[in-house]
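Enquirer: The sequence shown maps to residues 1 to 430 in UniProt numbering.
By construction, the Cβ of each residue, glycine as well, lies at the ideal position given by its N, Cα and C atoms.
Right, I'll just put the structure down here and ask away after.
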Amino acid sequence: MRIGIDARLYSPRFGGVGRYVQELIDHLAHIDQENEYILFFNEEDYSQYLAPNARFSKRRITAKRGTLQEQTLFVKDLNREQLDLMHFTNFDVPVLYKKPCIVTIHDLSLIKYPSGSQGFLQKMQQNMMLNNIMANARRLITVSQVIKEEAIKLVGAPVDRIRIINKAVSDQFQTESVDKKLLESLKIRLGIEKPYVLTVSFWHKQSNLINLIKAYNLFRNRYNTDNQLVIVGKPNQEEDAVRQVITELGLGNHVILTGFVDDRDLPLIYKGAHMYIHPALDEGFGMTVLEAMASNVPVACANAGALAEICGADNAIFFEPQDTTNIAEAFHHVFDDEHVSSALKKKGLEQVKKYSWKDTAEKTLALYKEVAQELPAQNGGAVQGVAGIAGSMTKSMTDTAGRMTKSVTETAGRLQDQGKETLGKVTKRE
């Protein structure tokens, strides 16, 4: 097959979706020795990606996500490649693309938490896109059972076309040792001076960072504890509100805002944490929670979204994300109780073993093959279409050769009979 993959979010800077795209492509390159892959990158990542073998090739996409050009120029780019199957790794599916495709749904925050800045045209485009996906996608991949159920309920996803394929944890978070010198250097650079609680998150309203900071302040005051809260992630629309609450509570020296941290430093930050906390109001999977578990860090997280499903009910301390007192108690139970902390570390390491990117890639490849069995020969793709044409040509050539052989044989027979008859007449005259 000739398979296209939307790699415009290929980078950990795009959060869990970006890591999913990166790991899926990298693992498909190791396990699939048959199919051809065309990867569609944005300008920045196109030059960075080096294809691992001849079966993988890349294309530069200039059309920006969420623009009219995405609906026109990107579709032309896709159609030019004559793909058997296209895998859109996020919701960004052009409305005008009608060829066979698979779409991965990571969460439904687009529907549940619409941006207040969205204009009428943006909302209309979003609705058209979702309707197009539900009507035309051959399969929908959801990353958890929770997202499957939400997709059915909120956007009318057809049950028979949904497959659950979990995400996983990257290898760099699963190393047992840590370079203490590098860790200390990083802590100095970031201003981390005390034992710290870590959270890694996008700064959305549903990330619940303000309640987290208020709960952290309760925890410090109630239990007279001396530590820091480290928030990793690129600030966006919530930045002003987050900084304001930090100032109002006098936590300027206790809450560290690191901004975006790349893959060289992120595993170190996990390894150095005393505990990890995830306060999100909603979560489609919870990759950062698994990254913390893989780093041998005890976890407390919100009882929200897919977190209990992915973490396991007994492998973390759960709290109600809107209840700051409840969050403060979760801080205390994990940070201050060594027995709880030690037990959670062991359970977390076992839980992480259930997930692997190799398994993600294998299940995704199996889904590609499943869809391929349903595609008609006249799809225009490189596999079934060419195979059908080749088969027809072979049959036609065989039939023609058979007819020619029969005709030559019959003609030779007639000539031989005519020759005998003529020879007989000549003999009689003599």
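DSSP three-state label for Met1, please.
Expert: In the sequence shown, residue 1 corresponds to position 1, counting from 1. Note: Met1 maps to coil in three-state DSSP.
Enquirer: Helix, strand or coil: which one does DSSP assign to Glu193?
Expert: In the sequence shown, residue 193 corresponds to position 193, counting from 1. Here Glu193 sits in coil by DSSP.
Enquirer: In chain order, what residues of the same chain lie with their CB nearer than 6 Å to the CB of Asp32, ignoring the 5 residues before and after it?
Expert: Stepping through the sequence shown from its first residue, residue 32 is reached at position 32. Only Leu365 meet the Cβ criterion.
Enquirer: Shortest alpha-carbon distance to Lys123 belongs to which of Met134, Leu110, Ala135?
Expert: For the purposes of this step, residue 123 is identified with residue 123 of the sequence shown, where counting begins at 1. Comparing Cα-Cα distances from Lys123 to each of Met134, Leu110, Ala135, the minimum goes to Leu110.
Enquirer: Going by DSSP, which residues form a beta bridge with Asp6?
Expert: Against the sequence shown, residue 6 aligns to sequence position 6. DSSP, once it has assigned bridges, lists Phe40 as partnering Asp6.
Enquirer: Can you give the Cα-Cα distance for Gly381 and Glu350, rounded to whole angstroms?
Expert: On the sequence shown, residue 381 is found 381 positions in, with the first residue counted as 1. On the sequence shown, residue 350 is found 350 positions in, with the first residue counted as 1. Only weak support exists for where Gly381 lies, its pLDDT of 47 falling under 50; the value from the coordinates is given anyway. If you take the alpha carbons of Gly381 and Glu350, they lie about 43 Å apart.
Enquirer: Ends of the alpha helix (DSSP H) at Phe147?
Expert: Locating residue 147 in the sequence shown gives position 147, where the first residue counts as 1. Note on identity: in this sequence residue 147 is Ile, with Phe being the wrong assignment. Start and end: 145-155.
Enquirer: Could you compute how far the alpha carbon of Ile133 sits from the alpha carbon of Gln237?
Expert: Here residue 133 refers to the residue found at position 133 when the sequence shown is read from its first residue. Here residue 237 refers to the residue found at position 237 when the sequence shown is read from its first residue. The alpha-carbon atoms of Ile133 and Gln237 are separated by roughly 28 Å.
Enquirer: Please go through the segment 221-307 and give each complete alpha helix (DSSP H) segment of 4 or more residues, from N-terminal end onward.
Expert: If we require 4 residues or more, the alpha helix (DSSP H) runs fully inside the segment 221-307 come out as 239-248, 266-272, 287-294.
Enquirer: Do you know how far the Cα of Phe40 is from the Cα of Gly8?
Expert: Indexing the sequence shown from 1 puts residue 8 at position 8. Indexing the sequence shown from 1 puts residue 40 at position 40. According to the sequence provided, residue 8 is Arg. The question's Gly does not apply to it. So the alpha carbons of these two residues sit roughly 6 Å apart.
Enquirer: Between Val297, Asp282, Phe285, which lies nearest to Ile269 when the distance is taken from Cα to Cα?
Expert: By 1-based counting over the sequence shown, the position of residue 269 is 269. When each option's Cα is compared against that of Ile269, the closest is Val297.
Enquirer: Of all the options Ala343, Ala215, Leu229, Ala316, which has the alpha carbon lying nearest to the alpha carbon of Thr199?
Expert: In the sequence shown, the residue the question calls residue 199 occupies position 199. The shortest C-alpha separation from Thr199 is found at Leu229.
Enquirer: What are the start and end residues of the alpha helix (DSSP H) that includes Phe74?
Expert: Along the sequence shown, one-based indexing puts residue 74 at 74. Run containing Phe74: 68-80, per the alpha helix (DSSP H) assignment.
Enquirer: Mapping the DSSP letters down to three states, classify Lys180 as helix, strand or coil.
Expert: Indexing the sequence shown from 1 puts residue 180 at position 180. Three-state DSSP puts Lys180 in a helix.
Enquirer: Taking only the alpha-carbon atoms, compute the straight-line gap between Val17 and Thr104 and give it to the nearest angstrom.
Expert: On the sequence shown, position 17 is the one that residue 17 refers to. On the sequence shown, position 104 is the one that residue 104 refers to. The straight-line gap from Cα to Cα measures roughly 10 Å.
Enquirer: Distance check for Leu281 and Ile61, CA to CA, integer angstroms please.
Expert: The sequence position of residue 61 within the sequence shown is 61, counting from 1. The sequence position of residue 281 within the sequence shown is 281, counting from 1. Roughly 34 Å between the two C-alpha positions.
Enquirer: Which of the three DSSP states, helix, strand or coil, is assigned to Ile165?
Expert: Taking the first residue of the sequence shown as position 1, residue 165 is located at position 165. Coil at Ile165, not helix or strand.
Enquirer: Short check: CB of Ile141 to CB of Ile165, under 9 Å?
Expert: In the sequence shown, residue 141 corresponds to position 141, counting from 1. In the sequence shown, residue 165 corresponds to position 165, counting from 1. Taking 9 Å as the Cβ cut-off, Ile141 and Ile165 qualify as a contacting pair.
Enquirer: Whole angstroms are fine: how far does the CA of Val197 sit from the CA of Ala273?
Expert: Locating residue 273 in the sequence shown gives position 273, where the first residue counts as 1. Locating residue 197 in the sequence shown gives position 197, where the first residue counts as 1. Going by the C-alpha atoms only, they are around 6 Å apart.
Enquirer: Work out the CA separation of Gly284 and Ala304 for me, nearest whole Å.
Expert: Position 304 of the sequence shown, counted from the start, is the residue given in the question as residue 304. Position 284 of the sequence shown, counted from the start, is the residue given in the question as residue 284. Using only the alpha carbons, I get a separation of about 9 Å.
Enquirer: Could you name the residues of the same chain whose beta carbon sits closer than 6 Å to that of Ile231, not counting the 5 residues immediately before and after it, in chain order?
Expert: As a working mapping, residue 231 is identified with position 231 in the sequence shown. Cβ within range, chain order: Thr199, Leu257.
Enquirer: Can the beta-carbon of Leu24 be found less than 9 Å from the beta-carbon of Thr288?
Expert: By one-based count along the sequence shown, residue 24 stands at place 24. By one-based count along the sequence shown, residue 288 stands at place 288. It is not a contact, given that the beta carbons lie outside the stated cut-off.
Enquirer: Tell me whether Ala313 is buried or exposed, calling it buried when 16 or more other Cβ atoms sit within 10 Å of its Cβ.
Expert: Position 313 of the sequence shown holds residue 313. Burial call: exposed.
Enquirer: Between Leu85, Thr89, Leu83, Val95, which has its C-alpha nearest Leu73's C-alpha?
Expert: Reading the sequence shown from its first residue, position 73 is the one you call residue 73. Ranking Leu85, Thr89, Leu83, Val95 by Cα distance to Leu73 puts Val95 first.
Enquirer: Do the segment 147-161 and the segment 174-187 touch if we need at least three Cβ pairs shorter than 8 Å?
Expert: The segment 147-161 is not in contact with the segment 174-187.
Enquirer: Measuring CA to CA, which of Asn227, Tyr223, Ala135 is closest to Glu193?
Expert: As a working note, residue 193 is residue 193 in the sequence shown. Measuring from the Cα of Glu193, the nearest candidate turns out to be Asn227.
Enquirer: According to DSSP, Phe319 sits in a beta bridge with which residue or residues?
Expert: As a working note, residue 319 is residue 319 in the sequence shown. Looking at the DSSP assignment, Phe319 forms a beta bridge with Ala302.
Enquirer: With DSSP as the reference, label Lys98 as helix, strand or coil.
Expert: Position 98 of the sequence shown, counted from the start, is the residue given in the question as residue 98. If DSSP states are grouped into helix, strand and coil, Lys98 belongs with coil.
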